[in-house]
Structure formats: structure tokens, C-alpha cells
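A quick write-up on the structure given underneath.
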Amino acid sequence: MEATQMLEVLEGGRRYDAVIAGRPISRRTFPVTNPATQNVFAHVTDCDAEDAILALRATESAFESWKQTTATYRAGLLKAWHAEIMRNQDALAHALSSEMGKPFTEARGEIAYAAAYVELYAEEATRVYGETFPSQHANKRLLASRQAVGPVYAITPWNFPAAMITRKVAPALAAGCTVIVKPAEQTPITALILASLWLAVGGPEGTLQVVTAADPLPVSKVMFDSPSIRKLTFTGSTPVGRKLYEQSARTLKRVSLELGGHAPFLIFEDADIDRAVHEVMLCKFRNAGQTCVCTNRIYVQRSIADKFAARLSEAVRNLKVGDPSRTDTQIGPLVDGDALAKVQRHVDDATSKGAKILVGGSSPGGLYYTPTVLSNVQPGMLILEEETFGPVAPLLVFDDEEEAIAKANDTPYGLAAYLYTRDLSRAMRVSERLEYGIVGVNDGAPSTAQAPFGGVKDSGLGREGGKWGLEEFLTIKFVSFALDS
Ligand code: SIN
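Listed below in C-alpha cells is the structure:
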């Protein structure tokens, strides 16, 4: 199916075929459900191990020629891909919103965010510099150059069906790697459309293939067993990331893992409360709380705790929950029944141990959960230990800076942390001591294509975004030249 057709047929309950080794595969399909209606609205190819082997052979062969293309050529294709994604921003946003429930306006924002990675790596492709360095021998010349690491296997999550693909794929393609993407079972359509747009702008066959599967295990086994796949890049949960890290060890693949988080947000008593509430809202309720960098613990200094709780509750009460296809909707449904059950479990556990619901605290039906603020949250509650991945803001209190830092760092996770203060010295002091890969100072939404994204401790390995994201797909080659003496 042509890219333009793919974009047109979304309403028709049609089939979306994965294109592997240049050919559409339609043997078997699996259904895709719209979380807002819980109705099946499309079917996509259900790839198996045989399809995975076909994709593997195609990526191996494409890599041999793709790695030899010039950076300028690759940059040109990436620029064209960027333009095509932006030209189809609304249609892509519609597909994305339909398969994961993200409100349309936010989904449009995600497409622009996704495209920004493509644009950035189109530019970075031509900046893969080497170095020369001196030798102690007069007749020797020493060079270090950067080369594509090899074919890549990318496993991407459902919460950002477009941006988590381009954040991995664009730097890989820019570096000269070929990529096989295994998108989340819930959100295969955005992935297939992105790949079709790549082919439509002239992306060579086999350079980017999307292997959709209801059961990812047989497909992944082929990739992990293969010594040709030189790099794994994964965004998802910490337990799954750990398993994939182990499986990658057998063939010593390079690995990038963007795993779970449990972000603290520290609000100091000198904060402008309205602005702090605004940043917490951006941070917590983006994507209905379904992001790895959403705050899961909001620590407020005691002297302003009541005032902050009241203002936050008012803002949360005003959030517009509803049909994601409406442009004024701010909170859509959760992605599936498991996601809803987890949110409900966290709130029930917290209230059974003494937390108080200031606003929300229930499901109005379907996969929706009313945006919630909890106060009197205490250690020992599930919500402080696991990622909730839902629209629930737990409030805690602290007395001084030392206590705030200690509480913020008291977790195995280390992805993102936030603080709000007007005291510049404190902002610097605290941000230096937070054991996290990302710190937002008075900024609840720091993610941007130019910046390094990634965590420490149980939140993973490596960085995506900016010049750092490109390094993950490059390997260094040392060449020693001995001249005739
Ligand atoms: C994520 O939740 O994994 C990505 C969020 C972001 O890019 O800000």
C-alpha cells in the first residue's frame, strides 16, 4: 500500500501490511484497538520468525550499500523524510491518537517532536568527524574515524508511537546503520506509516523495516540470536530491559536502554506557586501521565504545602477529560485495561494506607481515569515504589533542602527529576546532587531533540537525542599508517 493510501484508509477498518524485504506481508494479521472506544479499527501484519529472518537478510544486505553512501546523501533523504512527516502531520496525529488514545492536539505535538529528531540527525549526519593524533614514531600517522556500528534492532514503546521511533531510527540511519523496528503491539500503525513515508521519499529498500507482531518473542529471538544485529536500542520497562541486556550479551551487541523512572519534583518555599503548579501540570499530566519522565512524587516544602495542594487541585479539576479526537481534550483514555488497573491499584493502596483524595480518584468508565491529586502520601505505599503511568499526582512534604535531596534520591531509578525555586544557588546545588540523567530546574518539560535523554541506575544505559544520540550508533576505528622511511 502506498504511503498516501495508508494515511487515507484509517477510518475504513482496513489492513496495514508490514513491508519486509521490499514486499508487503499479509499472511496473518492482528487487531488494533482504539482505547477511546475499545473497538477494533484496523488489522496489521502479524509477523513471525520466518518474516523476521526475511527482514534480517534484507537489513544485512542493505547495510552493505547504505554504510557506503555519503553522509550528505543520507542527510538529504532524512531532510525529505522530515518534510514528508510534517506534510502529513495531521494524518499521522490522527493515526497515533486512534491507536493509543493520546488527545489529537498532543498527538500533533508528538509528530512535530518526532520530526524534530529527523531534522536534527539530517544535520548531525554531516558532522561525524574523525581525529588525527601524534605518534611517537616519525614515520607513523594515526587516525581515529567513526563508522556505522551495523544493523540495529529497535524495540519501541506505545506511549510515544512516533517520537520513540524517530529518536532511535534517525540517528541510526544518519550514522549509516540499517534498522529493524519492532513497535509495541498496541501502536503498530504509526510505525508502519513512518516507514512507508521513508520509502516514499526514496529510502532504500531494507534500510528501515517495521516488523509488527502480536507476540514479539519469536521475532526478537531471531534478532537476538543473530550476530549480524550489532546494536539493540530499547525503550520500555526496567525488568524487560534487564532481560534484553542479558540476551544481547550472547552476541555482544551494543546496547542502549531507556527504562523506567520515578521522577521526584521538589517545590521549595520561595517558588512562585502558580508557575510551579503550571510546570507540575505539564510534567505530570502530559500524555495522561503515561511518560517515563512524568513526576511520580511531588515533594512540597511544609510552609507552602497546603496552598500548593489547593492550587494544584484546582488546576487538575479543570482538566478537560474526554474524546481524544476533539481538539480541546487534554486527558484521553489510558492505553489498555492493564494500565487502568495499575492506576486504580496504586490509588486504592494509597488510600487504604492513609492517603487522602483531593480531587479525582475514580474511573468514569471505559479506559478513562479522572485526573487525581493525593495528599498525605507516605513511604510504604505502592505509588512511591512503582511507576504509576497514569494521571495521579501524589503530594508529600519536606522540611529542608537536605531532606528533599535525600528523599528524591531514595529510589533505584534515575531518569528525570525536577525542582522549583527562585534561589539560583540552591537550584545549582540541588541539581548537582540529584542522581538523575535529566534535571528540570523550574522546567517540567525539558525533553527536546537537541538534548541528551537517558538515565542512570535502574533507568538505563546510553543517551538518545542531540549529538550524544548519534554516538550510540557509531564505532571508532583506529588506522595506523606507517610511511616509507
Ligand atoms: C518517554 O516517556 O519515554 C519519553 C518522554 C519524552 O521524550 O519526553
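Per the UniProt record's numbering, the very first residue in the sequence shown carries number 1; after that it's consecutive. Every residue gets a Cβ at the ideal spot worked out from N, C-alpha and C, and that includes glycine.
Looking at the unbroken alpha helix (DSSP H) that takes in residue i, where does it start and where does it end?
{"i": "A71", "result": "71-87"}
{"i": "I189", "result": "188-200"}
{"i": "V219", "result": "216-225"}
{"i": "E185", "result": "Element bounds for E185: n/a, residue is neither H nor E."}
{"i": "K102", "result": "From DSSP, K102 is part of no alpha helix (DSSP H); its letter is neither H nor E."}
{"i": "M281", "result": "273-285"}
{"i": "E435", "result": "Premise fails: E435 is in no alpha helix (DSSP H) and is neither H nor E."}
{"i": "G466", "result": "466-471"}
Got a sec, what are the start and stop residues for the beta strand (DSSP E) residue i sits in?
{"i": "H262", "result": "Premise fails: H262 is in no beta strand (DSSP E) and is neither H nor E."}
{"i": "Q147", "result": "140-148"}
{"i": "K440", "result": "According to the sequence shown, residue 440 is Gly rather than Lys. Here the beta strand (DSSP E) through G440 covers 438-441."}
{"i": "V397", "result": "392-398"}
{"i": "G182", "result": "In the sequence under discussion, the amino acid at residue 182 is Lys, which differs from the Gly named in the question. Note, K182: beta strand (DSSP E), 179-182."}
{"i": "Q68", "result": "Element bounds for Q68: n/a, residue is neither H nor E."}
Grab me the residues of residue i's own chain with a C-beta within less than 8 Å of its C-beta, minus the 5 sequence neighbours each way, in chain order.
{"i": "K320", "result": "D328, T329, Q330, I331"}
{"i": "P204", "result": "A62, S65, W66"}
{"i": "G380", "result": "K353"}
{"i": "L197", "result": "A3, W81, E84, I85, N88"}
{"i": "V277", "result": "F308, R311, L312, A315"}
For residue i, list the residues DSSP reports as bridge partners.
{"i": "T295", "result": "A263"}
{"i": "T233", "result": "A154, S256"}
{"i": "Y420", "result": "I267"}
{"i": "A162", "result": "A162 is not bridged to any residue."}
{"i": "Y16", "result": "V44"}
{"i": "V32", "result": "A42"}
{"i": "Q301", "result": "F398"}
{"i": "G460", "result": "E258"}
{"i": "I331", "result": "V321"}
{"i": "V359", "result": "V373"}
{"i": "F453", "result": "E464"}
{"i": "L173", "result": "Looking at the DSSP assignment, L173 forms no beta bridge with any residue, so it has no partner."}
{"i": "S475", "result": "Reading the sequence as shown, one finds Thr at residue 475 and not Ser. According to DSSP, T475 bridges with Q147."}
Classify residue i as helix, strand or coil using the three-state DSSP reduction.
{"i": "H43", "result": "strand"}
{"i": "S480", "result": "strand"}
{"i": "F133", "result": "strand"}
{"i": "R27", "result": "coil"}
{"i": "S375", "result": "strand"}
{"i": "Y245", "result": "helix"}
{"i": "Y368", "result": "strand"}
{"i": "N318", "result": "coil"}
{"i": "V9", "result": "Low local confidence applies: a pLDDT of 49 at V9 is under 50, so the model's placement there is unreliable, with the coordinate-based value given in what follows. Here V9 sits in helix by DSSP."}
{"i": "Y121", "result": "helix"}
{"i": "F389", "result": "coil"}
{"i": "V210", "result": "strand"}
{"i": "K353", "result": "coil"}
{"i": "L415", "result": "coil"}
{"i": "T448", "result": "coil"}
{"i": "T59", "result": "helix"}
If I measure Cβ to Cβ from residue i and keep anything under 7 Å in the same chain, skipping five residues before and after, which residues do I get?
{"i": "V9", "result": "Note that V9 has pLDDT 49, beneath the 50 cutoff, so the model's placement of it is unreliable and the number below is only indicative. Once the five neighbours on either side are set aside, V9 has no close Cβ partner at all."}
{"i": "A482", "result": "N139, K140"}
{"i": "Q247", "result": "F224"}
{"i": "G444", "result": "E279, V280, L282, C283, Y418"}
{"i": "A170", "result": "L78, Y117, V118, Y121"}
{"i": "N376", "result": "G354, A355, K356"}
{"i": "E60", "result": "P151, S228"}
{"i": "M164", "result": "T156, P157, T235"}
{"i": "V343", "result": "L334, Y369, T388, G390, V392"}
Would you please state the rounded distance, in angstroms, between the beta carbons of residue i and residue j? I believe it to be under 8 Å.
{"i": "P264", "j": "V316", "result": "Not really, about 19 Å apart at Cβ, beyond 8 Å."}
{"i": "G414", "j": "E387", "result": "Actually they are not in contact, since the Cβ atoms of G414 and E387 sit about 13 Å apart, beyond 8 Å."}
{"i": "A213", "j": "V222", "result": "Wrong, their Cβ atoms sit about 11 Å apart, outside the cutoff."}
{"i": "A154", "j": "V179", "result": "6 Å"}
{"i": "L358", "j": "L374", "result": "7 Å"}
{"i": "Q147", "j": "L474", "result": "7 Å"}
{"i": "A416", "j": "G440", "result": "7 Å"}
{"i": "D272", "j": "R422", "result": "7 Å"}
Which same chain residues, not among the five before or five after residue i, have their C-beta less than 6 Å away from its C-beta?
{"i": "E472", "result": "S256, G462"}
{"i": "F478", "result": "A144"}
{"i": "D484", "result": "none"}
{"i": "P35", "result": "G101, P333, V335, L367"}
Determine, for residue i, whether the minimum Cβ-Cβ distance to residues of chain B falls below 8 Å.
{"i": "M381", "result": "Absent from the structure is chain B; it holds one protein chain and no more."}
Going by the C-beta, is residue i closer than 7 Å to any heavy atom of ligand 3?
{"i": "M281", "result": "As for ligand 3, it is missing from this structure, which binds only ligand 1."}
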